[in-house]
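For reference, the structure is listed below as structure tokens.
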Amino acid sequence: MVTNICSSQIYSIWLCVPRLKQMCWQALLYYIPNIPLLTEDQVIALGIKWDVFTSLNYT
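Just so we're aligned: 181 in my numbering is position 43 of the sequence shown, and the numbers increase by one with no gaps anywhere.
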């Protein structure tokens, strides 16, 4: 039996909708958490352009 419980907890909130690049970067961080530590060759092997990677490389 499933019980629905109301609470005031917020897990995450967007104050504005992020750009698609930022949403994709968040997804990459979720699925490949060590991606900021990869080398240029490894990032390119994943199919990500290096200039895009360096412009979004923040955690």
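Heads up, the beta-carbon is just placed ideally off N, CA and C, and yes, glycines get one too.
- The segment 141-159 and the segment 173-188 do not touch, with fewer than 3 CB-CB distances between them shorter than 8 Å.
- For Cys-162, the enclosing alpha helix (DSSP H) has its first and last residue at 158-169.
- For Leu-194, the uninterrupted alpha helix (DSSP H) segment begins and ends at 188-194.
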